[in-house]
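Each remark here refers to the structure printed beneath this line.
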Amino acid sequence: MKTLKSRLPPLKSLLAFESVARHLSVTKAAEESCVSREAISRQIRVLEEYLGVKLFDRLHRAMSLTKSGKDFQITINESLESIAEVSGRIKKDVQPLKISIASTIAISSFWFTPRLMKYKALFPEAEFRVAVSDQPCDMVADKINIGFRYGEGNWPGLASIKLFEINSFPVCTTEYLKNAQPIRSATDLLDHALINLNGDFHADEDWDWWLRGHGVTMSSSFKTLDFDSYANVIQVALDGQGIALGYSGLVTDLLANKKLVQPLNMSLSKNRAVYLVYPNGVELSQQAGNFIDWVLEDSALSNKRSDRSEPPTLI
C-alpha cells in the first residue's frame with residue numbers, strides 16, 4: 001500500500017504554487033516567502049513535472065492559471081486553509097519570527113554583514129539577532145538558529161554546510177607600496193610592517209606560519225603588529241600602515257573595489273573553510289530555513305562569479 005507521502009507532490013512546491021497562484025506573480029511570491037525568484041520558479045517546475053500538466057500560462061509581462069491550474073488552486077486553498085485552521089487551534093508555542101545568528105568576528109565583518117544588509121533590502125520584514133565572537137557558543141543553550149564558523153566542518157552536535165574555502169595571502173593598499181621597499185619574494189616581506197591576527201583561535205595561522213610555509217628563515221628579532229580582531233587588522237591595512245594576511249572570500253570585495261591589492265602572488269592554506277552550521281535535532285523555523293536557502297544560493301552565485309573573474313591585479 002502506498003503511503004500518503006508517496007502520493008503527494010513535494011510540499012514545498014504546493015506552498016510555492018499557492019503563493020504564485022494567489023499573486024499571479026513569481027516575484028511577489030518570492031518576496032512573501034523570503035526566497036529568490038529562481039527558487040519559486042524551480043518549485044513550480046517540479047510541481048508541473050510531477051503532475052504532467054501546465055498550471056500557468058506565461059505571458060510577456062503577466063501570467064494566468066490554466067484550467068488545470070484553477071482546479072488545482074481551489075483544492076490546494078481549501079486543504080491548506082483547513083490545515084492552518086487546525087494547526088492554529090492546537091499549536092501551543094508560536095515560532096519566533098526573529099532569526100538568531102552567531103558568527104566569528106572576521107566572517108561577520110567582511111562576509112556576513114554585507115549579505116545580511118542585502119537580504120534585509122530584499123526582505124525588510126525579516127528580524128535578526130546577531131552574536132559576534134571568536135569563541136564558539138553552545139547554540140542550543142544560547143538559542144542560536146544559525147552559525148557561521150571557520151574550520152574543518154566537524155563540530156559535535158552541529159550540521160555543517162561548506163560555503164567557501166580559505167586561502168591566505170598578503171594584502172595592502174597601493175598607497176602603502178608607493179613609499180615601501182620592493183616586494184619580489186616572500187623574504188622581502190620581512191622588511192615591511194606586518195599586521196598580524198593573534199590569539200588562541202588563530203595561533204597556527206599567522207604571519208610566522210605563512211612565512212615559514214614559503215621557506216622564509218625567521219630571525220629571533222622578527223616582530224609583527226598584533227591584534228585579536230580581524231576587523232582591526234584589515235582597518236590598519238586599509239589605513240596604509242602595513243601588510244595583512246588576506247583571507248580569500250573575506251577580502252574579495254575589498255580587492256574587487258581596489259581598496260586592497262595583492263603585492264605578491266603567493267598564498268597558503270590550512271585546508272579550512274567557512275561553514276554554515278545549525279544544531280542537529282532542532283527543528284528550524286520557516287524563517288530560518290528560508291534564510292539558509294537564500295544564503296546557499298547567494299554563496300553559490302558568488303563562487304561562480306569568483307571562478308569566472310580575472311585574478312586580482314598585482315602591484
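Mapping the sequence shown onto this note's numbering, position 104 (from 1) lands on 104, and the numbers just tick up by one.
Think of the CB as a built atom: it goes at the ideal place given N, C-alpha and C, for glycine as much as any other residue.
- With contacts defined by Cβ atoms closer than 7 Å, Leu-268 and Gly-199 do not form a contacting pair.
- Here DSSP, grouped into helix, strand and coil, assigns Phe-148 to strand.
- By the C-beta density criterion, Ser-79 is exposed, having fewer than 16 other C-beta atoms within 10 angstroms.
- Taking a contact to require three or more Cβ pairs closer than 8 Å, the region 180-189 and the region 255-268 qualify as touching.
- Going by C-alpha positions, Ala-21 is about 51 Å away from Leu-245.
- Our two residues, His-23 and Leu-55, have alpha carbons roughly 14 Å apart in a direct line.
- Here Tyr-50 is exposed: its Cβ has fewer than 16 other Cβ atoms, across all protein chains shown, within 10 Å.
- Residue environment: Ala-30 is assigned as buried (16 or more neighbouring CB atoms within 10 Å of its CB, all protein chains considered).
- Taking the C-beta atoms as reference points, Val-233 is found nearer than 7 Å to Leu-197.
- Secondary structure note for Ile-234: its alpha helix (DSSP H) is the uninterrupted segment 230-238.
- Taking a contact to require three or more Cβ pairs closer than 8 Å, the region 270-278 and the region 148-163 qualify as touching.
- Linking Ile-40 to Lys-28 through their CA atoms gives a straight-line distance of about 10 Å.
- The alpha carbon of Arg-42 has as its nearest neighbour, out of Leu-15, Ala-256 and His-60, the alpha carbon of Leu-15.
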